[in-house]
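**Student:** Take a look at this one; I'll ask things after.
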Amino acid sequence: MKRLLRLAQAVGLSLALTGAAMADEPLKIATSAGPVGQLAAFAAKLAKDKGQDVKLVELSDWVALNEVVNSGDVDANLFQHATYLALQNKQRGFNLVQVDKVGVIAPVGLFSKKIKSLDEIKSGDSVAIPNEPLNGARGLILLERAGLIKLAPGKGFAVSRFDIVDNPKNLKIVELDPAQTYRSLDDVSLALVNVTYLVPAGGDPKSALIIDRTVDDGLVLRFTARPDKKDDPRLKAFIQVFNSPEVKQFIEQKLPAFIPAGFSS
C-alpha cells in the first residue's frame, strides 16, 4: 500500500511538473502569410503586453499548416474554416478540431487585369479557379452568381466543373493551385482569388469585379488544434486576447476586406 501511495505521489508530482513546464513554454501558433499572419501578429503583441509569450510560425502550404498541428510541432493554427478542415480531416486522416467561435471570414472574388466589367467577357475566354475542391466550388458558385454559368442545383460546396449545366459563353475553366490564381491574371480573362492570397501578392480587394462576402459559419477562419490541445490554458488565454475589442478594431481598420465573426459585443 505504501509503495502504491509513493507511486501515486510520484506520478502526481510528475504531472504537476509537466504542467508547470508547459505553462512556461511559449504558445506556438502556425498561420498563413499575409493578412491572417498580420492579424495573428497583432494579437500576439497584445498577448505579450499581458505577459503571454506567443510564437508564430508562418507557412504558405495549407496542408503543412495542418500537418504541424497534427504532429504536435505547434499547438494550434489559424488560417482555415470548418468546411476546409472537414475536408482535410477526411483526406489526410487528421482528427483536428476548431477551438472557440471567434474568427474572421476571408472573402473570395473574381478579378481581372484585362477587363473592367463582367459584361466584357467574350466567348471562349479563360477563367482560372483553384484546383482545391472547396475554393474551386466557391469560384464556380460566384461565376453562377455573376450570370456567366449555371450549375446543377443542390450540391453546395461539393459542386465541381463537371456540374456546369449551362455555359453560354463557352468559358474555359482552368484549375490552378490556389496560390497561383492571382498570378494567372496575366494570362486569363478572369480568376477567382481568395483575399488571403490577393493581399500578399499586391492585389486590391476593391478591384474585384464581383466579391463574395457571404456570412456563413462554415466559412469562418478559426483556431484549430488537436483534441488533446483544445483545452490548453495557454491557447484559451490567447483566444481570450484575440476575442478583444482591440483585435476587432484592427480587422475593421487594417483588414477591411475581412469580416469579424464571433467577437464579444
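Residues -23 to -1, 1 to 242, numbered by mature numbering (1 follows the signal peptide of the UniProt record, and there is no 0), are exactly what the sequence shown covers, in order.
Glycine is no exception: its CB is placed at the ideal position from the N, C-alpha and C atoms.
Considering ALA10, what are the terminal residues of the beta strand (DSSP E) in which it resides?
**Tutor:** Run containing ALA10: none; DSSP gives neither H nor E here.
**Student:** So which of GLY86, GLU109, GLY70 has the shortest CA-CA distance to TRP39?
**Tutor:** Out of GLY86, GLU109, GLY70, GLU109 has the C-alpha closest to the C-alpha of TRP39.
**Student:** By the 10 Å Cβ neighbour count, where 16 or more other Cβ atoms means buried, how is GLY133 classified, buried or exposed?
**Tutor:** When all chains shown are included, GLY133 counts as exposed.
**Student:** Would you mind listing the beta strand (DSSP E) stretches within the stretch 75 to 136 that are 3+ residues and don't spill past its ends, in chain order?
**Tutor:** For the stretch 75 to 136, whole beta strand (DSSP E) runs of length 3 or above, ordered along the chain, are 85 to 88, 103 to 107.
**Student:** With DSSP as the reference, label PRO222 as helix, strand or coil.
**Tutor:** Looking at PRO222 - three-state DSSP - the assignment turns out to be helix.
**Student:** Give a yes or no on whether the C-beta atoms belonging to residue 326 and LYS146 are separated by under 9 Å.
**Tutor:** It is not possible to answer for residue 326, since the shown part of the chain is limited to -23 through 242.
**Student:** Mind listing, in chain order, the continuous alpha helix (DSSP H) runs of no fewer than 4 residues lying wholly within the stretch 13 to 55?
**Tutor:** Runs found: 39 to 47.
**Student:** Enumerate in chain order the residues of its own chain whose CB-to-CB distance from ALA(-3) is below 7 Å, with the five nearest sequence positions on each side excluded.
**Tutor:** Its pLDDT being 42, under 50, ALA(-3) is placed unreliably by the model, and nothing is read from it.
**Student:** VAL197 and SER103: beta carbons closer than 9 Å?
**Tutor:** No, these two residues do not count as a Cβ contact at 9 Å.
**Student:** Quick check: the stretch 139 to 155 against the stretch 76 to 86, are there 3 or more CB pairs under 8 Å?
**Tutor:** The stretch 139 to 155 is not in contact with the stretch 76 to 86.
**Student:** Just the Cα atoms here: how many angstroms apart are ASP208 and SER242?
**Tutor:** Near 23 Å, if we compare the C-alpha coordinates of SER242 and ASP208.
**Student:** Taking 6 Å as the limit between beta carbons, can you name the residues of its chain near LYS78, skipping five residues before and five after?
**Tutor:** Same-chain partners within the cutoff: GLY239.
**Student:** Apart from the five residues just before and just after ALA123, which ones in its own chain have a Cβ nearer than 8 Å to its Cβ?
**Tutor:** Once the five neighbours on either side are set aside, the close Cβ partners of ALA123 are LEU87, LEU95, LEU186, ILE187.
**Student:** Is it true that the stretch 18 to 35 meets the stretch 211 to 231, where meeting means three or more beta-carbon pairs spaced less than 8 Å apart?
**Tutor:** The stretch 18 to 35, when compared against the stretch 211 to 231, does touch it at the 8 Å Cβ threshold.
**Student:** Is DSSP giving PHE215 helix, strand or coil here?
**Tutor:** Note: PHE215 maps to helix in three-state DSSP.
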